[in-house]
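Residue numbers (this note's numbering): 620 to 753.
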């Protein structure tokens, strides 16, 4: 039997906390079924925090939590759990200012960096007029 590969430090967890994104898709009653690539539907990604001893346990727990309560019937259709789009360890103890998520952006021009950074009112949390959130 082959020896299991060593898990790189970046994929291990020292805090017991993990962050994952669950993907949900809304399917209208008129659609009946989704047949890629022509079917289109509303998609939400929910970022959630979980506690698990290792990445395997975190994956199982994320799948279990994500699929719980799905499909979820609504007036014109249903929300379905599509899967997990991200699973990362939280490297620091959770407290004010703890780093919980990061993204490698590569090399960027200063102009692109300025477009990436948002003013307070441009942040989604301050958009109270979005009809989808009402």
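For glycine and all other residues, C-beta sits at the position ideal for the given N, C-alpha and C.
As the structure is a prediction and not an experimental result, all values here were calculated from the model.
Residue 703 and residue 681: beta carbons closer than 8 Å?
Residue numbering aside, residue 703 sits at position 84 when the chain shown is read from its first letter. Residue numbering aside, residue 681 sits at position 62 when the chain shown is read from its first letter. Yes, Cβ-Cβ distance for residue 703 and residue 681 is below 8 Å.
Given 8 Å, three or more beta-carbon pairs between the segment 723 to 738 and the segment 656 to 667
No: fewer than three Cβ pairs fall under 8 Å.
Grab the span of the beta strand (DSSP E) containing residue 626 for me, first residue to last.
Counting from one through the chain shown, the residue named residue 626 turns up at place 7. It is not in any beta strand (DSSP E) - residue 626 carries neither H nor E in the DSSP assignment.
So, with DSSP's three-state summary, where would you put residue 684?
Position 65 of the chain shown, counted from the start, is the residue given in the question as residue 684. Correct three-state label for residue 684: helix.
How is the beta strand (DSSP E) around residue 732 delimited, first residue to last?
Locating residue 732 in the chain shown gives position 113, counting from the first residue. Taken as a continuous stretch (DSSP letters only), residue 732 belongs to no beta strand (DSSP E), being part of the alpha helix (DSSP H) at 729 to 735.
So the candidates are 735, 708, 690; which of them puts its Cα closest to the Cα of residue 678?
Mapped onto the chain shown, residue 678 falls at position 59. Taking only the C-alpha atoms, the option nearest residue 678 is 708.
In the DSSP output, which residue or residues are listed as bridge partners for residue 665?
Translated into positions along the chain shown, residue 665 becomes position 46. According to the DSSP secondary-structure assignment, residue 665 is paired through a beta bridge with 641.
CA-CA distance, residue 716 and residue 641?
As a working note, residue 716 is residue 97 in the chain shown. As a working note, residue 641 is residue 22 in the chain shown. Their backbone Cα atoms lie some 24 Å apart in a straight line.
Can you pull the DSSP bridge partners for residue 704?
Here residue 704 corresponds to residue number 85 of the chain shown, with the count starting at 1. Bridge partners of residue 704: none, in fact.
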